[in-house]
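Presented below is the structure to which this report refers.
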Amino acid sequence: MEYKPSDFETKWREKWLKDKIYSAGLIDSNTKKFYSLYSFPYPSGDGLHVGHVEGMVANDIVARYYRMNGFTTIMPMGWDGFGLPAENFAIKTGVHPHIKTEESVANFIEQINKVGIGVDWDKEVGTHRADYYKWTQWIFLQLYKKGLAYKKLAPVNWCPKDQTVLANEQVIDGKCERCDTLVEQKEMSQWFFKITDFADRLDKDLERVDWPEGTKQQQRNWIGKSEGTKVKFKVEGEFTSTLPGEIEIFTTRLDTIFGCTFLVVSPENQVIEKYKDVIRNISEVREYVKAAKNKTDLERQMQKEKTGVELMGVKAINPFNQDRLPIFVADYVLNTYGTGAIMAVPAHDERDNEFAVKYNLPVFPVIAKEFGEPKPNEQFVDGVSLVLFNKQNGEYGFIKHKNGFVGLVSGGISDNEDYYQTAKRELMEETGLWDYESIHKLGEVVYAHYYHSGKKINRFAKTQGMLVVLNSAQKKELSLEEHEVGFELVWLSPKEIIESYNAEGTKHWQEILLRGVRLTKNLGLDTKTKIENFPENLFTGKGVLVNSFKKPFRFDYVKSVIVIKEPLIADSDLERLQDKYKISYNRFGYWQGVDFLKTDNSLFIVGYDLKEKDELFIEFNSLNIKWENVFEYVSSAEIYKFSNSTTKEPVNDINLTKSENELLEFIFSKAEIDYSQKSSDTATSEMQDWLLKNELGEKTILYKLRDWLVSRQRYWGAPIPIVYDPEGNIHPVKEEDLPLLLPEDVDFKPTGESPIKASKSFKEIAESKYGKGWYFESDTMDTFVDSSWYFLRYIENKNESEIFSLPKFLPSVTNSESNKSLYQVLETLVGKFAEQKVDYAVFGSVAVSLLNRSPHKELGDIDFFISKDSIDTAKKILETIGCNFESESENLYVTLKNDQRGQILAFKKGDLEVELIEVEWDKKIWEQRVLVPFNSSIAYIAPLNSLINHYKRRENTQLINFLEAQNTQANLWLPSDLYIIGTEHTVLHLLYSRFFTKFFFDQGYINFDEPFTKMRHMGLILGPDGRKMSKRWGNVINPTDEVNTFGADTLRMYEMFMGPFEEAKPWNNRAENGVFRFLKKVWELKDRVKTEMINLEVAKKQEVALHKLIKKVSSDIENLSFNTSVAKFMETVNYLGEFEFVKKDLFEILLKLLAPFAPFITEELWSILGNSYSIHQSSWPEAREELLKDETVKIAVQINGKVRGTIEVSTEALEWEVMAMAKEEKNIAKYLDGGIKKIIYVKGKILNIVV
RNA sequence: GUCGGAGUGGUGGAAUGGUAGACACGACGGACUUAAAAUCCGUUGCCCGUUUCGGGCGUGAGGGUUCAAGUCCCUCCUCCGAUACCA
């Protein structure tokens, strides 16, 4: 008989359905279960896709494998029935979406059965059916009750041509997908779910699930947790004092705050209107704000350049250094994130830099690059490294050391030298070069951590790069000493040297050298060096802080101090001058200023000149005089002037009194605040502390995640169960009125409002139930709401009175508590239990036992039970408090004497112990379940099932019953064990499902808070042409066609064989045919089956092959590595095909192993061989270890790592035996003449001989 | 730009740091056939030496660690997916 799938596939399909072999009944806490979950499809008119088949077959194989391994298994199926396509179809044809959807469902069921997916159809759900969406609405009401569903104005995508609201997916490049009209934003009042309350848990709990790392990462990105700081900037008028209120900004880079040169607020920020009276250009500002608000998303995206307007007349004060900063409004700052205001640090942020460059604002670097990692006991050194450029010939000068290493001329700073002085000195000392034209700083200093191998110490080096431009290479003679040291000056092209500075300790030189070359090129001196990858001008990374200090007077920028003896100036005049020339709008950039300070007999005028080119005039004695010339006008003035901004030495000598000297010293005094030289991280946390102490800011955690907009102005969705009174007030629909049915008397044509709104019947029902003038909400819910809980409904899909059976005692947390840590939640609950006079309660997967409700009441001894997984922790704690304990079997029992209770409470308060608890609690609560004393009561927690077993031993029936009651079917079946879902659902569906699960958990409905323990994505199946399957390309493969040509088994196995399950792969009909040929071989093997084999050696060989197959297939299924399983099947069947006969019991093992992959052919052959129905209810074979080990093995013999031959040796052979055999091999022996250096022998693997 | 994932024969893809290319498709040669299809047998990474056999090269590129690297580390390139003024 030939292999013809159509001969028997229908027969078995019908029998399986009739016998319900895939259905599971109720389970209890002793059941081993497996819940195989496939993401339920949208029942589209196009029918089942090969991608669905791929996922379902994978789910099915794993489910069948676990079933055969004795697990009670379900694989339910359902329909994500609400959605746009059915509604669009209705708009076009007038066919009601319900009819169309159910039609498609019937088609899907037919197709799924054809593929042989073992679905438990008794558990089918459809989100569009009233018995399902009744509970979707019920969930809405529960969320509403807890304050987690609310209504607010929000923009929607509006197509002005179609007069309709569009979903985000319907907007393509800012245009309507149907008519290409530009989409507008329109404000409408809409419903939201407060998922943001759960942001932290949604982020943190990702640690606990077994999901693809990439998907977890995408969820994290979506939630967008970012830790930063809010900082308050006081606001001042231009020439007036502090204005009320402040601008609060959010930053993740507090360490850069000394580089802040302006503030930016979003157009929507209220501070604009708040300071409207002092903003001089308010009308210009308002115009900008209006224009920004009118921009569509598309326009904002298209706009490349940043725009903004300064708020003239107001300044913000940097709390760290009192800099007066200009404030801008610009639409690159979003009002919806953070505080809607930022501190701009153009030196260390790309966007701020772009803005600053455009508006010519100062850029002030405060973070220096840091190379290497901090090391212990570092020696700090401060110095310069020189890039020498010879103008004459365009060559660069380096120092070549004795050992051949070519380095930059470098040296440390001595005494009070500045960098220029050091550079000159080192140049002379090390090279003798003297004929320099100019010396330039190469940007900011750089820091490097490295090990100095010569001095054998760790170093932390601060290095200023300097460029020395030389007129010529003329040298003075160096002292003899220097020659002896072995330096040699060499002139090179820098290119290859730059590449060699790649290691620790020289990497910062690479940076300096590159900066040097760039500067010479920018100065037009070097025209021949060709280097492309110069370091970024803008450094956005973390590093070491520089220039981050506040001094009363900034020595670095003081140009000169004028001392006027016996000044003739009135105090009021002085104040006026102080105000007028108030210094330091900024200490950098174009703002300049003058400080006026008075001692008993002198006036000090401290002049800052920051950009030397600008002239500074001041008003003095009614004269507007040039700063430089003040002393010419004031006879008693003496000027204390400095040669350059880094030297303290005065140009002229003047005699100062003691108090004047003190004042001068004060001007040059050390910083009050100085974060320089600290790492970004250290500085950030120290700055946060400082802000907190001074009440100027605080640490803040922000999330990108926004609340979930669930309103849809559509017909084909679950109606939102809200009713409005005639005044428009919101009321929840009464639970007994659920389901709130979708009305039938509607026109599907889009109007911009939900089609339901015009329904007469809908209105009538509202009025009859709630009163005249009352009306229902006409929006329906986002279909993601429907699909966020379907996996829970499967279990009890026919339960009419409850969403699913709920535990008898429902501890629940209120909204305000829902985002607390579990510790806090439990603590609250304990209080609640106490009020309700319950001794025991179950919360989550742990039981809480209250041992003492009233702290002052005398109690007897208390029994503690600690589960085995937390014994070590518990012992540690108990030892600390001096408590007696004994180990009994696996668990630990503790009797706590009454007088030790106080110790426990004290132990909670003690330093060390508190730390212990908190660490254990936060990190590992679900695993550790440590002993937990609560504030006024003592409670302990333990896993539910261990607790039940514990009380069974103690025969406490009442408690056992109570605890067992928590074992609802939902709690027993979920979380699901394997969830297979497409990559398109990496964010929203999975996130929303997790949100709902956490909400249910908080309400006590369920005892788990993550729904999908293990989740995997099936890879995309591409068309035969390598493109994504699409009607447009005509490359769609229809699974039913494939079943008709090749049979379901071939389709299933081929899809598994195509490639790694989780990767994208193209369809190939010919390869599919190869799988058919394989199944045919299996089919034909049945004619060679023999119960008893005459040739025992052959029997043994076959047995070994089959047991290896068992091992491979079992582990492959567990790892979802189906393609390699199929390959192994093929290999084994090809091998069996070599023999005349196949042993019957071994062939039956093959059938069992193959059954999950190819259920039809295996059932047929199983039956032909006379076995009892059904193979799918038989048990999985076990691999016998002794058959898996080979006696001999072929190992490779390598010479110097290259394979030169193979020898067959016993698996247990010793090195000398193997070596002896290897030496006999001709091809190996010829390499051994030169003598053997080393032998590496890995038993059963390889022999490598080094010669 | 940022974050993920991936680069291996003509193709889909195998390979706990231990003989790269399992298994399959295709191609080539042969058998059967009047012929074709189907089926079966053999060959098949590239290059060199006539062959058994031996040698060289080879997992996106370049470095490194190791007795030994597709696999581990560093730098870079390409493709796919996600996201984007998120401070």
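In our numbering, the protein residues as written are 1 to 1251. We treat Cβ as the ideally placed atom computed from N, Cα and C, and that holds for glycine.
By the criterion of a C-beta distance shorter than 7 Å, Glu9 is surrounded in its chain by Gly1047, Ala1048 and Phe1160, once the five residues flanking it on both sides are discounted. Shown here, Ser453 sits in coil according to DSSP, grouped into three states, outside any helix or strand. Leaving aside the five residues that flank Lys295 on each side, none in its chain has a CB nearer than 6 Å to its CB. Note on the segment 414-474: whole alpha helix (DSSP H) runs with a minimum of 4 residues are 419-431, in chain order. Contact check for Ser787 and Asp46: beta-carbon distance about 19 Å, past the 8 Å limit, so the pair fails to qualify. Cβ contact annotation for Ser679 (same chain, cutoff 8 Å, sequence separation greater than five): Glu370, Pro374, Lys542, Gly543, Val544 and Leu545, in chain order. Within the same chain, Cβ atoms closer than 6 Å to the Cβ of Ile1239 are found at Ile1249, the five residues on either side in sequence being excluded. Scanning the segment 35-98 for uninterrupted alpha helix (DSSP H) segments of 4 residues or longer gives 50-68 and 84-93, listed from N- to C-terminal end. In this structure the segment 718-727 does not lie against the segment 682-689, because fewer than three pairs of beta carbons, one per stretch, are closer than 8 Å. Secondary structure note for Trp135: its alpha helix (DSSP H) is the uninterrupted segment Ala130 to Lys145. Using a C-beta cut-off of 8 Å, the segment 466-479 makes contact with the segment 376-389, since at least three inter-stretch Cβ pairs fall below that distance. In this structure, Glu1224 lies away from Val1197, with their beta-carbon atoms at least 8 Å apart. Distances from the CA of Val409 to each of Asn458, Asp435 and Leu427 were compared; the closest alpha carbon is that of Leu427. Around the beta carbon of Arg64, 16 or more other beta carbons sit within 10 angstroms, so the residue counts as buried. Shown here, Val1075 sits in a helix according to DSSP, grouped into three states. When the five nearest sequence neighbours on each side are left out, the beta carbons in the same chain lying within less than 6 Å of the beta carbon of Leu1020 are those of Ala1064, in order along the chain. Using a 10 angstroms sphere on the CB of Ala1071, the tally of other CB atoms stays under 16, which defines it as exposed. Just measuring C-alpha positions, the residue of Phe1001, His128 and Gln190 sitting nearest Asp1009 is Phe1001. Comparing alpha carbon positions, the residue from Gly1244, Thr431 and Thr520 closest to Lys1189 is Gly1244.
Each residue's CA atom was taken as its position, placing Leu523 and Tyr396 some 15 Å apart. Burial of Arg515 is indicated by the presence of at least 16 other C-beta atoms within 10 angstroms of its C-beta. Look at Arg1016 here: in three-state DSSP terms it is strand.
Per DSSP, Arg518 is one residue of the alpha helix (DSSP H) stretching across Lys507 to Asn522.
Judged by DSSP in its simplified three-state form, Gly245 adopts strand.
At the C-beta level, Leu806 and Thr968 come within 8 Å of one another. The beta carbon of Val1098 sits closer than 7 Å to the beta carbons of Phe1139 from its chain, once the five residues preceding and following it are set aside; these are given in chain order. Nearest neighbour of Ser23 by Cα position, chosen from Lys114, Pro43, Glu124 and His98, turns out to be Glu124. The closest CA to that of Phe405, considering only Gly1004, Ile497 and Arg13, is found on Ile497. In terms of Cβ geometry, Phe995 and Leu202 form a close pair [threshold 8 Å]. Taking every protein chain shown into account, the CB of Ile730 has fewer than 16 other CB atoms within 10 angstroms, so this residue is exposed. Under the criterion of beta carbons closer than 8 Å, Val329 and Pro267 qualify as touching, at roughly 6 Å.
Using a Cβ distance threshold of 8 Å, Ala347 and Tyr447 do not count as a contacting pair. Residue burial annotation: Val1126 is buried, with at least 16 other C-beta atoms found within 10 angstroms of its C-beta.
In the DSSP assignment, Phe549 is bridged to Asp674. Considering only Asp747, Asn471, Arg208 and Ser1179, the residue with the shortest C-alpha distance to Ala90 is Asp747. As computed with DSSP, His989 is found in no beta bridge at all.
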